[in-house]
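For the sequence shown, UniProt numbering gives the first residue as 1, with consecutive numbering after it. For every residue, glycine included, the Cβ atom is placed at its ideal position computed from N, Cα and C.
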Amino acid sequence: MLRWLIGGGREPQGLAEKSALQTIGEDQTQNPYTELLVLKAHHDIVRFLVQLDEYRFASAGDDGIIVVWNAQTGEKLLELSGHTQKITAITAFPSLESCEEENQLILTASADRTVIISLIWDCDTGRQIKRVSSFQSTVKCLTVLQRLDVWLSGGNDLGVWSRKLDLLCKTNHLSDTGISALAEIPRNCIAAAVGRELIIFRLVTPTEGLLDWDINEVKRLLDHQDNILSLVNVNDGSFVTGSHVGELIIWDALGWTMQAYERSFWNPSPQLDTQQEIKLCQKQSNISINHFTCDEENIFAAVGRGLYVYNLQMKRVIACQKTAHDSNVLHIAKLPNRQLISCSEDGSVRIWELREKQQLVAEPVPTGFFNMWGFGRVNKQASQPVKKQQENATSCSLELIGDLIGHSSSVEMFLHFEDHGLVTCSADHLIILWKNGEQESGLRSLKLFQKLEENGDLYPAVYP
1 MLRWLIGGGR
11 EPQGLAEKSA
21 LQTIGEDQTQ
31 NPYTELLVLK
41 AHHDIVRFLV
51 QLDEYRFASA
61 GDDGIIVVWN
71 AQTGEKLLEL
81 SGHTQKITAI
91 TAFPSLESCE
101 EENQLILTAS
111 ADRTVIISLI
121 WDCDTGRQIK
131 RVSSFQSTVK
141 CLTVLQRLDV
151 WLSGGNDLGV
161 WSRKLDLLCK
171 TNHLSDTGIS
181 ALAEIPRNCI
191 AAAVGRELII
201 FRLVTPTEGL
211 LDWDINEVKR
221 LLDHQDNILS
231 LVNVNDGSFV
241 TGSHVGELII
251 WDALGWTMQA
261 YERSFWNPSP
271 QLDTQQEIKL
281 CQKQSNISIN
291 HFTCDEENIF
301 AAVGRGLYVY
311 NLQMKRVIAC
321 QKTAHDSNVL
331 HIAKLPNRQL
341 ISCSEDGSVR
351 IWELREKQQL
361 VAEPVPTGFF
371 NMWGFGRVNK
381 QASQPVKKQQ
391 ENATSCSLEL
401 IGDLIGHSSS
411 VEMFLHFEDH
421 GLVTCSADHL
431 IILWKNGEQE
441 SGLRSLKLFQ
451 KLEENGDLYP
461 AVYP
C-alpha cells in the first residue's frame, strides 16, 4: 500500500481558471483518504463502476471486459470476457428476497459488431449465463425494476426483459439518437429521455384477463430546448432532468407537469431568439448538466465545471462553486455528513462540505439560477432591492476540504463504500482505491498485535 501525499501536482489550465478555482494546501485535516491502492486489469478507458454488495464491485470500459474486485483488499476476484467492443452500460440485478439463491447478476451492454449484446453474468461462478444479440441499435442504458423483477434496455427502442432474458415487450422505433436515460416513476410508468424529448411510458403487467406484458406511450414532454443529459428521481413525487444547455426542470412524477423550470446558468437576451442564445451560450462556456444526485433536502447538480445546490423547500440555489474543477465535472455523490464528492475530466477528485453562512452578507446569485415561476410569488418592484437580494442570495457555501490527485487522465466516475473507502476509475486505464489512512493504520496495528499474540511474542517470557 502506498502512502499518498496530499496536495500539489496539478496546475490550472489558464489564468482565468487560476483566479477562480478554489485550491487547498497539503494540510487537509478533514480529508480521510491519505492512502491508496492502484488496481490494474484494464487495457483501455475504464468508464463504469457498479457496487455488487458491501465489499465487492465491478468495473467495465472500452476494452470490453468486466472485472470484479474486493473493495476491502483490492484483490481481483474475477475477469469476465465476451464482448468484442466497448461496454456502453452496466448494472447489477440483485436476486429476489424470496429467492434462496444469492447469486449476484450483472447486466452489460456493448457496441460490438453494430449489434448490441446484453450479457448477464453470475459473479459467484464467473460464467456467462445467456447472450442476447437481437438488438438493432446501441443500448445506451440499462435499468432494473426490482419490484417487477424485470429490466429495461434503452436504445432506439425501449425493451422490457425478464430475469431469464426473455423479451416481454418493446416499443416501436423511437429515434435514431436513442434513449440516453431512464427512470422508474409511480403507477408502473417509465420516463425516457430521447434527444430533447421526455417520453412517458406505462408498463402493463399480466393480469387474469391479460396474459402478456405491454408498454404504451402516454405522453411526450417537449419543454427542453436541447438534448437531455441527466434524469434522476428526486423523491416519490418528483424527478428532475437536465439538458445540454443548462436547463433544469423538476417534474411532478404523478401528473407529469413542471414543478420548476429555469434555463439556468446563462442570461437570455431579448434581442436573440432561443437558438441564437443557445449557440452564444455554448461559445461562452460549457453549461451542460452532466450529472445529478439528490437527498431529502437538495438537488446537487454538476454543471460544466461547476457545482450547484438547489434546495427543494426554499426553491432556489443555496450554494454554488462556479469553477469547482479545471474541466467538466462528470460525476458527483452526496455523503451522509453534508459532504459532496466530485470527479472531473481534469483528473482530480474533490471533496466538498456544505456549510451554512453565519451572519455574513449574502452572496448574490446571477439572474436565472433555478428561479421558480408561479407558486404564489409576488411581482418584484424596483423599490424592493432588499427583498430581491434576499431571494437571489446563497445561504450556504461549498468549501473544499480534500483534493485527491492520483489519476493522469479524466476520472469517469467513482463509488463510495462506507467501510472500505472510495473507488475511482479513469481514462488512464487505472482504478484507484482510496483508503482512510487513520483507519488502515489502526487495522494494521491490530493485525500485528494479533500475530504477536498467536506466536507468543506479545508478552516477555518470565524466567524463575
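(message) Is the separation between the beta-carbon of Ile401 and that of Trp352 shorter than 8 Å?
(response) yes
(message) Using only the alpha-carbon positions, how far apart do Val218 and Ser137 sit?
(response) 23 Å
(request) Note down the Cα distance separating Lys451 from Ala109, rounded to an integer number of angstroms. (result) 46 Å
(request) Express the C-alpha separation of Gln72 and Thr114 in angstroms, rounding to a whole number. (result) In this predicted model, Thr114 has a pLDDT of only 37, less than 50, meaning its place in the structure is not dependable enough to derive any value.
(request) Compare the beta carbon distance of Glu184 and Thr143 with 8 Å and say whether it is the shorter of the two. (result) yes
(request) Measure the alpha-carbon distance for Leu167 versus Leu49 and round it to whole angstroms. (result) 26 Å
(request) Tell me, please, which residues DSSP counts as bridged to Phe201. (result) Ile190, Glu217
(request) Answer with buried or exposed for Asp326, where buried requires no fewer than 16 other C-beta atoms within 10 angstroms of its C-beta. (result) buried
(message) Between the alpha carbons of Leu165 and Ser133, how many angstroms are there, rounded?
(response) 11 Å
(message) Under 8 Å: do the stretch 55-75 and the stretch 416-424 share three or more Cβ pairs, one atom per stretch?
(response) yes
(request) Taking all protein chains shown into account, decide if Glu412 is buried (16 or more other Cβ within 10 angstroms of its Cβ) or exposed. (result) buried
(request) Identify, in the order they occur along the chain, each residue of the same chain with its Cβ nearer than 6 Å to the Cβ of Ser194, setting aside the five sequence neighbours on each side. (result) Here residue 194 is Val; the residue named in the question, Ser, does not match the sequence. Once the five neighbours on either side are set aside, the close Cβ partners of Val194 are Leu174, Ser175, Ile179.
(request) Taking only the alpha-carbon atoms, compute the straight-line gap between Arg377 and Lys315 and give it to the nearest angstrom. (result) Because the pLDDT of Arg377 is 39, which lies under 50, any placement of that residue in the model is unreliable, and the number read from its coordinates should be weighed accordingly. Their backbone Cα atoms lie some 11 Å apart in a straight line.
(request) Assign Thr23 to buried or exposed, taking buried as 16 or more other Cβ atoms, counted over all protein chains shown, within 10 Å of its Cβ. (result) exposed
(message) So for Arg444, helix, strand or coil by DSSP?
(response) helix
(message) Can you tell me whether Asp112 is helix, strand or coil according to DSSP?
(response) helix
(message) For a test of the three-state rule: what should DSSP assign to Leu182, helix, strand or coil?
(response) strand
(message) Bridge partners for His291 per DSSP, in chain order?
(response) Ala302
(message) For Leu254, tell me which candidate among Leu221, Asn233, Arg187 has the shortest Cα-Cα distance.
(response) Arg187
(request) Note the first and the last residue of the continuous beta strand (DSSP E) segment covering residue 542. (result) No answer is possible for residue 542: the residues shown for the chain start at 1 and end at 464.
(request) Indicate the three-state DSSP secondary structure (helix, strand or coil) for Ala20 in the structure shown. (result) helix
(message) Applying the 10 Å Cβ sphere with the 16-neighbour rule, what's the burial state of Asn337?
(response) exposed
(message) Assuming Val38 and Ile432 are in contact, meaning their beta carbons sit under 8 Å apart, how far apart are those beta carbons, in whole angstroms?
(response) 6 Å
(message) Let me check understanding here. Comparing Cα to Cα, which of Ile318, Arg305, Gln358 lies closest to Ser348?
(response) Arg305
(request) Report the residue from Leu96, Pro94, Leu107 whose alpha carbon sits nearest the alpha carbon of His83. (result) Leu107
(message) Given this structure, state the Cα-to-Cα distance separating Asn235 from Glu453, to the nearest angstrom.
(response) 52 Å
(message) I need the boundaries of the beta strand (DSSP E) containing Ser348, first residue and last residue.
(response) 348-356
(message) Checking 8 Å against the spacing of the C-beta atoms, do Ser238 and Ile250 come in under that value?
(response) yes
(message) So, with DSSP's three-state summary, where would you put Leu165?
(response) coil
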